[in-house]
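This report concerns only the one structure given below.
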Amino acid sequence: MYLMSEGGHTIPVVAPLEAEGAYTLLWLVVALPLLGAAVLLVGGRRTDRWGHLLGTATALASFVLSVVLFVDLLGREESERQVAQRLWEWMEVGGFSVGMDLLYDPLSALFLLLITGVGTLIHVYSIGYMEHDPRRRRFFAYLNLFVAAMLTLVLAENYVVLFLGWEGVGLASYLLIGFWQHKPSAAAAAKKAFVINRVGDIGLSLAIALMFVTFGTTSFTQVSELTSGAGEGTLTALGLLLLLGACGKSAQVPLQAWLLDAMEGPTPVSALIHAATMVTAGVYLVVRSNFVYELAPHAQTVVVVVATVTLLWGAVIGCARDDIKKVLAGSTMSQIGYMMLAAGLGVYGYAFAIFHLITHGFFKANMFLGAGSVMHGMADDVDMRRYGALRKAMPVTFLTFAMGYLAIIGFPLFSGFWSKDKIIETALVESPVAGVCALVGAGVTGFYMTRLMLMTFFTDKRWKEGVHPHESPSVMTVPLIVLAALSVLGGILLLGDWIVGWLAPVVGEAPHHEPPVPVIVLTVLTVAVVAVGVAAAWFLVGRREVARTAPQDVSFAVRAARADLYGDAINDAVVVRPGRRLVTLLLGVDHRGADGLFTGGGSAVAGVGGLLRRVQNGFVRSYALSVLAGALIVVIALMVVNS
Amino acid sequence: MDSTTFVKPTLDYFHLWPILVVLGVAALGVVVEAFVPRARRFATQTVLALAGLVAALVGTVLVGLDLTEVGDGAARGLLTAGGTLVIDGPAVFLWGLVLIFAVGGVLLFAERRLEGGVSAFAGQAAALPGTEAERQAQGLDHTEVYPLMMFAVAGMMIFPTAGDLLTMFVALEVLSLPLYLLCGLARRRRLLSQEAAMKYFLLGAFSSGFFLYGVALVYGFAGSMDLAAIDQAVRADTGNHTLLAIGMGLLAVGLLFKVGAVPFQSWTPDVYQGAPTAVTAFMAAGTKIAAFGAILRLFYVGFGSDRWTWQPMLWVVAILTMVVGAVLAISQSDVKRMLAYSSIAHTGFLLTGVLGVQTSAELADGQVTSLQAILFYLTTYGFSMVAAFAIVTLVRDSGGEATAFDRWAGLGRRSPWVAGAFAFLLLSMAGIPLTGGFVGKWAVFTVAFSAGAWPVVLVAIFSSVVAIYFYVRHIRLMFFTAPTADSAAVVAPSLLTSATIAVGVLATVLLGIVPGPVLDLAGHAGEFIR
Numbered sequence: 001m002y003l004m005s006e007g008g009h010t011i012p013v014v015a016p017l018e019a020e021g022a023y024t025l026l027w028l029v030v031a032l033p034l035l036g037a038a039v040l041l042v043g044g045r046r047t048d049r050w051g052h053l054l055g056t057a058t059a060l061a062s063f064v065l066s067v068v069l070f071v072d073l074l075g076r077e078e079s080e081r082q083v084a085q086r087l088w089e090w091m092e093v094g095g096f097s098v099g100m101d102l103l104y105d106p107l108s109a110l111f112l113l114l115i116t117g118v119g120t121l122i123h124v125y126s127i128g129y130m131e132h133d134p135r136r137r138r139f140f141a142y143l144n145l146f147v148a149a150m151l152t153l154v155l156a157e158n159y160v161v162l163f164l165g166w167e168g169v170g171l172a173s174y175l176l177i178g179f180w181q182h183k184p185s186a187a188a189a190a191k192k193a194f195v196i197n198r199v200g201d202i203g204l205s206l207a208i209a210l211m212f213v214t215f216g217t218t219s220f221t222q223v224s225e226l227t228s229g230a231g232e233g234t235l236t237a238l239g240l241l242l243l244l245g246a247c248g249k250s251a252q253v254p255l256q257a258w259l260l261d262a263m264e265g266p267t268p269v270s271a272l273i274h275a276a277t278m279v280t281a282g283v284y285l286v287v288r289s290n291f292v293y294e295l296a297p298h299a300q301t302v303v304v305v306v307a308t309v310t311l312l313w314g315a316v317i318g319c320a321r322d323d324i325k326k327v328l329a330g331s332t333m334s335q336i337g338y339m340m341l342a343a344g345l346g347v348y349g350y351a352f353a354i355f356h357l358i359t360h361g362f363f364k365a366n367m368f369l370g371a372g373s374v375m376h377g378m379a380d381d382v383d384m385r386r387y388g389a390l391r392k393a394m395p396v397t398f399l400t401f402a403m404g405y406l407a408i409i410g411f412p413l414f415s416g417f418w419s420k421d422k423i424i425e426t427a428l429v430e431s432p433v434a435g436v437c438a439l440v441g442a443g444v445t446g447f448y449m450t451r452l453m454l455m456t457f458f459t460d461k462r463w464k465e466g467v468h469p470h471e472s473p474s475v476m477t478v479p480l481i482v483l484a485a486l487s488v489l490g491g492i493l494l495l496g497d498w499i500v501g502w503l504a505p506v507v508g509e510a511p512h513h514e515p516p517v518p519v520i521v522l523t524v525l526t527v528a529v530v531a532v533g534v535a536a537a538w539f540l541v542g543r544r545e546v547a548r549t550a551p552q553d554v555s556f557a558v559r560a561a562r563a564d565l566y567g568d569a570i571n572d573a574v575v576v577r578p579g580r581r582l583v584t585l586l587l588g589v590d591h592r593g594a595d596g597l598f599t600g601g602g603s604a605v606a607g608v609g610g611l612l613r614r615v616q617n618g619f620v621r622s623y624a625l626s627v628l629a630g631a632l633i634v635v636i637a638l639m640v641v642n643s
Numbered sequence: 001m002d003s004t005t006f007v008k009p010t011l012d013y014f015h016l017w018p019i020l021v022v023l024g025v026a027a028l029g030v031v032v033e034a035f036v037p038r039a040r041r042f043a044t045q046t047v048l049a050l051a052g053l054v055a056a057l058v059g060t061v062l063v064g065l066d067l068t069e070v071g072d073g074a075a076r077g078l079l080t081a082g083g084t085l086v087i088d089g090p091a092v093f094l095w096g097l098v099l100i101f102a103v104g105g106v107l108l109f110a111e112r113r114l115e116g117g118v119s120a121f122a123g124q125a126a127a128l129p130g131t132e133a134e135r136q137a138q139g140l141d142h143t144e145v146y147p148l149m150m151f152a153v154a155g156m157m158i159f160p161t162a163g164d165l166l167t168m169f170v171a172l173e174v175l176s177l178p179l180y181l182l183c184g185l186a187r188r189r190r191l192l193s194q195e196a197a198m199k200y201f202l203l204g205a206f207s208s209g210f211f212l213y214g215v216a217l218v219y220g221f222a223g224s225m226d227l228a229a230i231d232q233a234v235r236a237d238t239g240n241h242t243l244l245a246i247g248m249g250l251l252a253v254g255l256l257f258k259v260g261a262v263p264f265q266s267w268t269p270d271v272y273q274g275a276p277t278a279v280t281a282f283m284a285a286g287t288k289i290a291a292f293g294a295i296l297r298l299f300y301v302g303f304g305s306d307r308w309t310w311q312p313m314l315w316v317v318a319i320l321t322m323v324v325g326a327v328l329a330i331s332q333s334d335v336k337r338m339l340a341y342s343s344i345a346h347t348g349f350l351l352t353g354v355l356g357v358q359t360s361a362e363l364a365d366g367q368v369t370s371l372q373a374i375l376f377y378l379t380t381y382g383f384s385m386v387a388a389f390a391i392v393t394l395v396r397d398s399g400g401e402a403t404a405f406d407r408w409a410g411l412g413r414r415s416p417w418v419a420g421a422f423a424f425l426l427l428s429m430a431g432i433p434l435t436g437g438f439v440g441k442w443a444v445f446t447v448a449f450s451a452g453a454w455p456v457v458l459v460a461i462f463s464s465v466v467a468i469y470f471y472v473r474h475i476r477l478m479f480f481t482a483p484t485a486d487s488a489a490v491v492a493p494s495l496l497t498s499a500t501i502a503v504g505v506l507a508t509v510l511l512g513i514v515p516g517p518v519l520d521l522a523g524h525a526g527e528f529i530r
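Protein sequences, first through last, are from chains H and L.
Counted from 1, the first sequence has number 606 at position 606 by this note's numbering; the numbering is strictly sequential.
Counted from 1, the second sequence has number 71 at position 71 by this note's numbering; the numbering is strictly sequential.
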């Protein structure tokens, strides 16, 4: 069933069939990793010896199941590709009903493959990476917990279950960022991620509340039918609130500041959660809510603006950082900006947003794991100024990383080339300003990734004394090779516009727009811009000697970029300090207010010193005075209303 | 009614059975104190109290099944004792809650393993702290706590059942006086405990004065104490409306004091901290349930048709309560005080639910009513609070309970089960999905939202987010901070405390995953009888 939008194209309605056959096992996809997490957490030290194997096995089992379901779905008619399973009635009283419902459709099918597939590879890699960590079992428990929560998020059939997964991935992310809790920086980073994500969660919870009040339901099936009848104002508000939630989870401006700090977590976590899956949940939310955004063009415009700002913001940060993981984090921000941009372009871009999300999942996970492999060989140093010439010492890591590098800058025929090119092309047609920004961003991407490549694998040795780089064990390099292969070949999803047709039952089909200039011209232009960025890096980094410590006498622009464009300072000024002042104020009122109010007169007589006297809290008379004051206020308030 | 003749009220003994049993057991407990030898008092009192509570619970269930529909069928129940007691669905639901948490209270009161063979109550309350008399009373127990508690339970049951203002006032005193005493009976930290009792008593008496004056003014307006008659007078708008407004305000002061709403919250942290933790657990759950029952009955039945007068006031109080509770909890460094501020914040959320009142005409068919939402919220709140305070009693050092935050550092490493249970309860209080607290918050926010109180709901969501911060900070303290030499340890309790904690945690889990039955039950309770 389809609804018509104003633009003349169709917005599909979610109309799933009852789960049967293999689909009745859908719940197992979530339950397996959840069970793994439970066994590892409850089992305690008894499971230390085989805990990591169990964790990996449950993720693998989920992946196998996902593949089976995917193949089955491929064989179905397009109109039958949405399946829902009701696990149990969560809250049900009269019209107030929320079910523990799962929805399996082409969109969630792709996510399932990405999450369980990349998730399994990262589990395998972690066996090696965390080998010497005494708390490895716990690490695997958290990873499994994360996978289960993320699967809940993408399998949810209504916004409340989605919110459950949303909170779950937030919790797992918090636990994993702060995994090395003995480092104060890790603990602080975990806290920061948590707090900023709460801001986004306010948006999502308000959106759910608004949805419930407007439509009386939060189920995708029903909301997608009802949006066409709602007012545009409501839908715009809904879209903006959902966007706020998406900004928090996907590190989009202005809620971007946590992602760079989140790199304090173990590198497999950065690869899985903060590159491939969780941070893309915001994109998923926007694409999934297409039935809201299609009818709220103003909200879409805001999505495009936020995305464009973020893609440039992240790219600029990537240029200035010397910490290899933070460069990759800035790049992640920027790439998610591209996905958001595509999602904000509406029906023309949804499929490309998801396409880029998947290819990015491959090549960014690949590069993060590669960075982890480099750190593994460099005694956990992350400063690229102390790397250099690692291509000989770590050939496998170098080659696999290079595949990821070529993919992200959009080297022709690599996966990133197809996916990013499509976004830039669509943006140039639909929203030229954003398109030009995206084009510039592609050039900057070429610059900072080349810089990273050169500083790490080429140029001269700048190793610290006593560091002997070595290739990682095969349990770590095999996942790298698999991901590198996927980074190269990911583009085949676009063969014959397969992914566009595949996602059409979920996001609708766009009417064809002929770009003003031939597509090949745009492609050549993009490649040329990237080439300029790469060349700039070659001249600025590759041909010069890299200083072992970052030079301090730099321009304002570089300083701003090193400080993440003052994202923290802005947060501090806008949120933290006023918040702290509020707390101080309330504390002051609580301790002194009532007494101050009533003994103030007497104290004033005794002198100013008396006013400043510290009144010890806990005097029953001051409590009684506050009760009296409260009673007066209540009565006066009632009198005011009365009159 | 002709005021010159006295009509003997008819008592419906079957429906009054739960209250009568509790009162009877309380009186019997006093007799036990006088006649049973000291050695056997503990066993006698605990068994008596538990048996009485169970008998009352059974009675409550039977009464609940027996209620017949009144009027248009929205409410079920009957008036008895000359209209002074209104036994309707919500009242019976609240009885059930109070009795369940009273059972938990008795189990916690009777815990003797933690203190090495004696209860958590002072051996000789009259002995001055630090004197020879106190040392001599070391091995003794105050078994009077059980009858005191039963009196309080009876007061809590009558409070939301009261059909007129005088009965309500009497119930208020019956529930409060024993609690004042109980607060001062801690075995450890006697001075802190006595200070808490004193403060609670003085402030409680103060606020009762407001309540009583409010009763007088409302009587002046309506010419009756009876809630139904007050309702009619309000509808007819015959009297002096100013008198009504002031009276309403003063009644509100007395009730808002009991639930710990801002600006009447100042006693809460001190009393929660100073009282024996078992008493705090019982009081935090029981008093709030009873007092919210009374608030709902007074404002929905008595002043329901004049809600435009009192709603703005409650808007402000609810907003202040949530914000102050959540924000001040952040600056606490003592577990009991943190839970006290958390309970203040919960009061704010419950008041948000009170604002969700709508006439049945405004409600869509099957929509959750504010009454239903609040009853559900009280259920989840009670279970998690009782279990949380019960866990607080376990974390000890040689000086008794260790409630300072730094003593809890790294508790999760030493006692993962206890710390895990506590963490789960905190998550429920924070309202994380799949816990009872989430469904409760969801329910009260939705009813307030659909009644148009969206600014309050906005503040409520904001405060929930702030509140999550301090809950999670405590979880982090337990699990992600290395234990120091100073860290307290968990003492293994007897089955009594373990059972209370287990039931509380289990109920919180179940209310989060399958809240349907309890929500249905709360909905089935129906409306108040007008």
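From the three backbone atoms N, C-alpha and C, an ideal C-beta is built for every residue, glycine too.
In this text, all values refer to a predicted model and were calculated from it rather than measured experimentally.
Residue i versus residue j: straight-line alpha-carbon distance, rounded
i: H182(H); j: S431(H); result: 48 Å
i: D72(L); j: V465(L); result: 42 Å
i: M645(H); j: A402(H); result: Because chain H spans 1 through 643 in this model, residue 645(H) falls outside it and cannot be assessed.
i: V608(H); j: Q194(L); result: With a pLDDT of only 31 at V608(H), under 50, the local geometry of the prediction cannot be trusted, and the value read off the model is given with reservation. Computed Cα separation, rounded: 35 Å.
i: Y387(H); j: T456(H); result: 5 Å
i: A351(H); j: L503(H); result: 6 Å
i: V429(H); j: T308(H); result: 15 Å
i: L177(L); j: F201(L); result: 8 Å
i: A485(L); j: T44(L); result: 42 Å
i: W50(H); j: R413(L); result: 21 Å
i: L175(H); j: L48(L); result: 48 Å
i: H468(H); j: G443(H); result: 35 Å
i: M394(H); j: W27(H); result: 42 Å
DSSP bridge partner residues for residue i (one or two, in chain order)
i: T80(L); result: L85(L)
i: R396(L); result: E401(L) and A489(L)
i: Q85(H); result: L102(H)
Contacts around residue i, its chain only, beta-carbon distance under 6 Å, and the 5 residues preceding and following it disregarded
i: I330(L); result: F470
i: L73(H); result: R81 and A109
Pick from the options that is closest to residue i, judged by C-alpha positions
i: V213(H); options: T456(H), L235(H), F194(H) and T477(H); result: L235(H)
i: A74(L); options: Q372(L), I230(L) and Y213(L); result: Q372(L)
i: Q367(L); options: A137(L), T309(L), V25(L) and A522(L); result: A522(L)
i: G491(H); options: K461(H), V64(H), F417(H) and V147(H); result: F417(H)
i: P18(L); options: W408(L), S342(L), G155(L) and S333(L); result: G155(L)
Integer-rounded CB distance, given that residue j should sit under 8 Å from residue i
i: F528(L); j: D226(L); result: That belief does not hold up - the Cβ atoms of F528(L) and D226(L) are roughly 14 Å apart, past 8 Å.
Sequence-distant residues of its chain with Cβ nearer than 8 Å to residue i (five each side left out)
i: V67(H); result: L113
i: T280(H); result: S250, I336, M339, L357, H360 and G361
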